[in-house]
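See structure below.
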Amino acid sequence: MDYRPGCGACCTAPSISSPIPGRPGGKPAGVRCVQLDDDARCRIFGHPGRPPVCASLQPHPAMCGGSRQEAESILSRLERLTQPGAPYTSAAKAMRKA
């Protein structure tokens with residue numbers, strides 16, 4: 001699967017704990033990355049300062065869904081389910097429903 005032009009859901013929905021150029025403390029979930037431009041493209045794509053978690057992320061239908069809205073919903077749900085204290089069984093049940 002290729003990146004969806006104009007999406008940027010993976011740069012908004014999840015939290016990023018790694019330092020990001022322009023935001024050394026990372027970013028909370030639901031906050032647009034400071035490196036996302038007006039066309040929802042990463043300004044530091046391919047740059048050595050790009051967080052490894054961003055560089056390793058690959059689009060996949062299970063994560064991206066069929067639209068930007070669906071991708072944000074999926075990624076927001078995964079963010080909630082992977083927070084400390086989220087029960088594994090809830091995560092497993094939610095993933096089976098997705």
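Position 45 of the sequence shown, counting from 1, maps to 45 under UniProt numbering, and the rest follow consecutively. A virtual CB, placed ideally from N, CA and C, is assigned to each residue, including glycine.
Are the CB atoms of residue j and residue i within a distance shorter than 9 angstroms?
i	j	result
P52	S17	no
G26	S15	yes
A13	A71	yes
E79	A29	yes
C10	L81	no
V34	G22	yes
CA-CA distance, residue i and residue j?
i	j	result
D38	S56	23 angstroms
R77	M63	10 angstroms
R50	Y3	17 angstroms
S67	P24	30 angstroms
C42	P48	13 angstroms
G6	Q58	16 angstroms
Terminal residues of the continuous alpha helix (DSSP H) containing residue i?
i	result
I20	First-last for I20: undefined, no H or E at that position.
R32	Careful: R32 lies outside any alpha helix (DSSP H) and carries neither H nor E.
Tell me which same chain residues have a C-beta within less than 8 angstroms of the C-beta of residue i, skipping the five on either side of it?
i	result
H60	M1
Spatial neighbours of residue i within its chain, please: C-beta separation below 6 angstroms, excluding the five flanking residues on both sides.
i	result
G65	A71, I74
V31	none
Note down, in chain order, each residue of its chain lying with its Cβ closer than 7 angstroms to the Cβ of residue i, except the 5 sequence neighbours on either side.
i	result
I20	G26, K27, C33, V34, Q35, P51
I44	P21, Q35, R50
> What residue ranges within the stretch 46–78 form continuous alpha helix (DSSP H) runs of no fewer than 4 residues, ordered along the chain?
Replying inline: List check, alpha helix (DSSP H) in window: 52–56, 61–64.
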